[in-house]
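Take the sequence shown: its position 274, counted from the start at 1, is 919 in the working numbering, and no numbers get skipped.
Every residue, glycine too, gets a C-beta built ideally from N, C-alpha and C.
Presented below is the structure to which this report refers.
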Amino acid sequence: MGAFALVDLMPGDPAVAVLGEGHTPAEYQAQREEMGLTDPLPARYARWVGDAVTGDLGTSFVPPYDDVAGRIGAALPVSVELAVLALLIALAVAVPLALWSAYRAGGRVDRLVSAGTFAILSVPSFLAGMLLIALFAERLGWFPRLEWARLSDGIGDNLYHAFLPALTIALVEVATFTRVLRGDLITTLREDFILASRAKGMPPVHVLVRDALRPSSFSLVTLLGVSLGRLIGSTVIVEHLFALPGMGTLIIGAADAGDVPTVQGAVLVIALIYVLANALIDVSYGRLDPRIRRAHV
């Protein structure tokens, strides 16, 4: 419903976006009638939902008047790959940091990790991206800045071009994941079953990874689902910095041009991905804690 309402909430006249300036009021009115904008709201909504269910998201209002589903199909893989790669990088860094910090809670390492994550959260993403570009792309020349290689060009080339923008996105996620998991781990490490494991002489790695990590992961898993849906549509700044053809760039360009069908379709797809991601997270809870799975049997 929110995506459909964009046609009435967005500034500008869709008829002007299609025809351009300089036409008569009668011509604009005829264009609105052709687009179905003069129909009653319930009829327009029913038609839009029916078309969306069949995969028909309409046609772009701006030249070259492409199929909206095709435009989204070209942009979505870029944003999904960036989001997934960023989350993988964030997990690979955040989980060891949180384990180490929680094990040394209150110590020098813990204070250093806490200060570092707070500092990262204080840096805007566009500034972090500019610093990474200046260092790794321009000064060291390790990564490209304004290029994108699709998977069809080869997975190695694709990952090479995707790594730096994904790292830019991952920085904030690293800080957030580390702080959340560290807090849950510290609570879990005070539980009786952890004390019993230590009393049996289990090594610290076993206690942390085998005993404490799984029951401490619920908040982190929830964050993963929320972050995946959020990142796919909110990487506009990073996509702009690196000139990437993703969903953020598509939505901003369409909004600037008054291309309502493209914005509607993109918002709808992102919402569906968000719902699916959170459904998968709910299923994963049963894997983390069998008691949850048994409670639903």
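Asked: Per-residue burial, residue 870 [other beta carbons within 10 Å of its own, 16 or more giving buried]; Found: buried
Asked: Pick from 914, 876, 667 and 921 that is closest to residue 724, judged by C-alpha positions; Found: 876
Asked: Length of the line joining the Cα atoms of residue 703 and residue 769; Found: 36 Å
Asked: At least three beta-carbon pairs within less than 8 Å, the stretch 891 to 909 to the stretch 854 to 873; Found: no
Asked: Residue 741 burial status per 10 Å Cβ neighbour count (16 or more: buried); Found: exposed
Asked: Beta-bridge pairing of residue 704 - partner residues as DSSP gives them; Found: 712
Asked: Per-residue DSSP class, three states only, for residue 758; Found: helix
Asked: Whole-angstrom distance between residue 787 and residue 902, CA atom to CA atom; Found: 36 Å
Asked: Residue of 755, 821, 908 and 777 minimising C-alpha distance to residue 808; Found: 777
Asked: CA-to-CA distance, residue 830 to residue 836, given in whole angstroms; Found: 10 Å
Asked: Beta-carbon proximity check, residue 926 vs residue 833, cutoff 8 Å; Found: no
Asked: Inter-stretch contact at 8 Å, needing at least 3 Cβ pairs: the stretch 836 to 846 / the stretch 690 to 699; Found: no
Asked: DSSP-derived helix/strand/coil call for residue 927; Found: helix
Asked: Helix, strand or coil at residue 680 according to DSSP, with G and I counted as helix; Found: coil
Asked: CB contact flag (residue 727, residue 811, <8 Å); Found: yes
Asked: Straight-line Cα distance separating residue 679 from residue 671; Found: 12 Å
Asked: Selection from 819, 856 and 909 that minimises the alpha carbon distance to residue 731; Found: 819
Asked: Residue range of the alpha helix (DSSP H) that includes residue 810; Found: 800 to 833
Asked: Where residue 668 sits in the DSSP three-state scheme; Found: coil
Asked: Close-in-space but distant-in-sequence residues of the same chain around residue 682 (CB under 8 Å, 5 per side omitted); Found: 652, 659, 660 and 689
Asked: Contact under 8 Å by Cβ, residue 813 with residue 761; Found: no
Asked: Rounded Cβ spacing between residue 849 and residue 748 (contact assumed at less than 8 Å); Found: 6 Å
Asked: Own chain, CB closer than 7 Å to residue 922, minus 5 neighbours either side, in chain order; Found: 870, 873 and 874
Asked: Distance between residue 738 and residue 710 (C-alpha atoms, nearest Å); Found: 44 Å
Asked: Beta-carbon spacing of residue 815, residue 806 below 8 Å; Found: no
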